[in-house]
Each structure stands twice: as C-alpha cells, then as structure tokens.
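In my numbering, each residue's number is its place in the sequence shown (first place is 1) plus 1014.
For every residue, glycine included, the Cβ atom is placed at its ideal position computed from N, Cα and C.
As the structure is a prediction and not an experimental result, all values here were calculated from the model.
Encoded as structure tokens, the structure appears first; notes follow it.
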Amino acid sequence: MTKISSREFNQDVSRAKREADRAPVVITDRGRPAYVLMNHDTYRKLTGRQPSILDLLDLPGTEDIDFDPPRIDIVLRASDLE
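Given below as structure tokens:
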C-alpha cells in the first residue's frame, strides 16, 4: 500500500490515481493516515455493493446506438374498494 502526504497528493493527483489503480493509497495529514484513495472496482469489492441497473447499462462503446422507445400512456383510475 502506497503512502503519500496531503501535500504530495495536491501536487500530483495524477500520480495518486495511477497508484490507486494498483492498490489503495493512504493519504497522510501531518504524518497520520487521514484518507484512503482507491479505484471504484476495489471500493465495490470492499463494500459488497452489487452493480446498479445504471452501472450495468453503462457499457463502453454503446454511446452511438440510437434508442428511442415509444412512450407508453398509462391511465390511472380510482379503485372501487366497496
């Protein structure tokens, strides 16, 4: 696990992101661990969060596909509970 100071992080965010792709990065503040930077896949594995429908539908290379489904008009009626 890589450790960097807050100052180093502020001066070179790109480096911190590259390191976080390999393993979590501990960001220290006055020499003490303060934050952890990690990529999203690692975070998802740690939290056990399942991908949402938005995550699943966000497929690379699908931006140019035209998808315009027809609008469905749903009429709501009051129910008769008697």
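**Report entry** Assigned exposure category for Val1039 - 16 Cβ within 10 Å defines buried
**Finding:** The residue given as residue 1039 occupies position 25 in the sequence shown. Looking at its Cβ environment, which holds 16 or more other Cβ atoms inside 10 Å, Val1039 is buried.
Report task. Assess, as a yes-or-no matter, whether the region 1046-1056 is touched by the region 1071-1078 under the definition of 3 or more beta carbon pairs within less than 8 Å. Result -> no
Query raised in the report: For Pro1047, which residues does DSSP report across the bridge?
Result: Translated into positions along the sequence shown, residue 1047 becomes position 33. Partner(s): Thr1042.
**Report entry** Where Thr1016 falls: helix, strand or coil (DSSP)
**Finding:** Along the sequence shown, read from residue 1 onward, the residue named residue 1016 stands at position 2. Strand.
Query raised in the report: Is the Cβ-Cβ distance between Thr1042 and Ala1048 less than 9 Å?
Result: Against the sequence shown, residue 1042 aligns to sequence position 28. Against the sequence shown, residue 1048 aligns to sequence position 34. For Thr1042 and Ala1048, yes; Cβs fall inside 9 Å.
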